[in-house]
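Please read the structure below before turning to the comments.
The following block contains the structure:
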């Protein structure tokens, strides 16, 4: 049984995408999550945590095409411990493997949503079309 984790924060840099030898697309990004609270003296304090996020396939491609440094995002996925050895030293880190990701609309608007039609399980996409115009609150044809 796997657990779902959701984080909301800002991208610290543009997502970095690469194609693996297998042909799969991989996108890595870093998300800064801020937490604020009042201390005993009634003064505000803030703490920032940074999370490495990895996305694969079609989600990876959509993130790279849609998000940039500073974007406020909501990411849902699972945690994965990654280990490696470099120069004789063992290293490890916990990464959030994204299962879904999107812009946060709490303090922003999306100007449009493009749905990919004819997507295959391998993430190869077909024709695209503008399906929603959130900025004017209207739909072109049917919404999805």
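Numbering (the numbering used here), first residue to last: 358 to 501.
We put the CB at the ideal spot given by N, CA and C, even for glycine.
Remember, predicted model here, so these are calculated numbers, not experimental data.
Nonlocal neighbours in the same chain, by C-beta distance under 6 Å from residue i, ignoring five residues either side
| i | result |
| --- | --- |
| residue 399 | none |
| residue 437 | 452, 454 |
| residue 404 | 392 |
Cβ-based neighbour list, residue i, same chain, cut-off 8 Å, excluding 5 preceding and 5 following
| i | result |
| --- | --- |
| residue 442 | 448 |
| residue 402 | 393, 394, 395, 396 |
| residue 377 | 383 |
Cut-off 7 Å between Cβ atoms - residues of its own chain near residue i, not counting five sequence neighbours on either side
| i | result |
| --- | --- |
| residue 421 | 372, 374, 384 |
| residue 417 | 374, 382, 383, 384 |
| residue 412 | 384, 420, 455, 458 |
| residue 491 | Its pLDDT being 35, under 50, residue 491 is placed unreliably by the model, and the measurement read from it follows with that caveat. 466, 467, 468, 469, 470. |
| residue 446 | none |
Residue nearest to residue i in terms of C-alpha spacing, selected from the options
| i | options | result |
| --- | --- | --- |
| residue 459 | 437, 366, 396 | 366 |
| residue 415 | 427, 381, 438 | 381 |
| residue 425 | 386, 446, 434 | 386 |
| residue 427 | 470, 469, 456, 465 | 465 |
| residue 439 | 470, 450, 445 | 450 |
| residue 513 | 423, 446, 444, 404 | For residue 513 there is no data in the structure shown, the boundaries of the chain being 358 and 501. |
CB of residue i within 8 Å of CB of residue j, strictly
| i | j | result |
| --- | --- | --- |
| residue 389 | residue 363 | no |
| residue 432 | residue 410 | yes |
For residue j and residue i, believed in contact at Cβ under 8 Å, the rounded distance
| i | j | result |
| --- | --- | --- |
| residue 430 | residue 461 | 6 Å |
| residue 360 | residue 435 | 7 Å |
Fully enclosed by the region 383–437, which beta strand (DSSP E) runs are 3 residues long or longer? Here the runs fully enclosed are 401–413.
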